[in-house]
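Its first residue numbered 4, the sequence shown is counted upward by one per residue in my numbering.
A virtual CB, placed ideally from N, CA and C, is assigned to each residue, including glycine.
Working notes, beginning with the structure itself.
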Amino acid sequence: MSLFSWLRPASPVVSADLQQRLAKLPAIRALGECSLREQRWVVLDLETTGLNLNKDRVLSIGAVVIEDGAIDFSQQFERTLQCRELKLSPSVLIHGLGPNAIAAGSDPGEALVEFMEFVGDSPVLAFHAPFDQHMLGRALKEHLGYKLQQVFLDVAEIAPLVCPQANIREAGLDEWIEWFKLEVFERHNASADALATAELALILFSRARGQQIHSPLNLQQRLSQWKRRQQAPSF
């Protein structure tokens with residue numbers, strides 16, 4: 004045994020049932036040339052104990068599906084994850100979740116496998132996607148020893164790409180909701196935020212088509228070009 008093996012986190016114990024279900028997940032494909040409308044998109048929002056990428060935990064997962072150019076309300080996902088390590092007084096609420104709700108949540112491994120089955124091989128949209136991607140990936144690795152491979156696109160980057168006239172490039176979800184005058188009646192829980200993000204994404208896809216961005220691959224390429232321009236030094 005290596006002298007430093009104790010520094011490595013122990014591999015999670017995963018039941019045979021969960022291992023079999025993970026093995027049946029579809030292979031992830033690169034984004035293709037189908038239309039934005041034809042693509043099935045999973046719109047994700049995570050609620051976490053905080054913003055520390057290495058220490059905080061996923062508390063709840065909310066997701067909706069965009070398919071055939073609309074939000075498909077028959078395809079929704081919502082789970083609160085049990086978090087035994089989290090010690091809260093009875094009066095504390097995190098994203099509207101009290102200690103009892105968190106204690107009564109789903110087994111994290113089971114909930115995460117269910118979510119990956121829900122996602123399938125679809126690309127994922129999220130507002131500030133790198134955060135959700137990292138936190139979900141970390142949770143999958145810690146609870147299941149599974150590597151997240153889905154393609155993520157950031158709605159917070161798509162918005163200024165297709166709406167530069169808004170001049171609110173680093174705005175949050177609330178600012179874009181206000182800019183587009185969206186009627187959002189609930190916020191700051193995973194399912195409500197996923198739905199708000201999906202409504203915003205539909206508007207952005209419409210704007211994208213008006214700018215000759217017709218496929219998921221087109222969108223990914225234009226986002227890459229846009230990000231390079233933002234990072235280029237100005238003289």
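Check, Outcome
"Label Glu160 either buried or exposed according to how many other C-beta atoms from any shown protein chain fall within 10 Å of its C-beta, with 16 as the threshold for buried.", "buried"
"Decide yes or no for the touch test of the stretch 147 to 155 against the stretch 174 to 194: beta carbon pairs closer than 8 Å, at least 3 of them.", "no"
"Mind checking whether Arg193 and Val46 have CB atoms under 8 Å apart?", "Position check: residue 193 holds Ala in this sequence, whereas Arg was assumed. No, they are not a contact pair."
"Whole-angstrom Cβ separation of Asp48 and Ala197, contact assumed at under 8 Å?", "4 Å"
"Who are the near neighbours of Pro236 in its chain, counting only those whose CB is closer than 7 Å to its CB and skipping five residues on each side?", "none"
"Can you tell me where the alpha helix (DSSP H) holding Ile180 begins and where it ends?", "176 to 182"
"Can you check DSSP and say which residues form a bridge with Val46?", "Val67, Leu128"
"In the DSSP assignment, what residue or residues form a beta bridge with Glu120?", "Bridge partners of Glu120: none, in fact."
"Return yes when the Cβ of Glu173 is within less than 8 Å of the Cβ of Arg24, no when it is not.", "no"
"Taking just the CA atoms, how far does Arg32 sit from Met138?", "22 Å"
"Quick check on Glu41: buried or exposed, where buried means 16 or more other Cβ atoms within 10 Å of its Cβ?", "exposed"
"Within 8 Å, do at least three Cβ pairs link the stretch 51 to 58 to the stretch 70 to 78?", "no"
"Do you know offhand how far Ser38's Cα is from Pro15's?", "40 Å"
"Could you pull out every residue in the same chain whose Cβ sits closer than 6 Å to the Cβ of Gln136, ignoring the five residues on either side in sequence?", "Phe155"
"Measure the beta-carbon distance from Leu143 to Trp229 and round it to whole angstroms, keeping in mind my assumption that it falls under 8 Å.", "At roughly 29 Å, the Cβ-Cβ gap does not stay under 8 Å, so Leu143 and Trp229 are not in contact."
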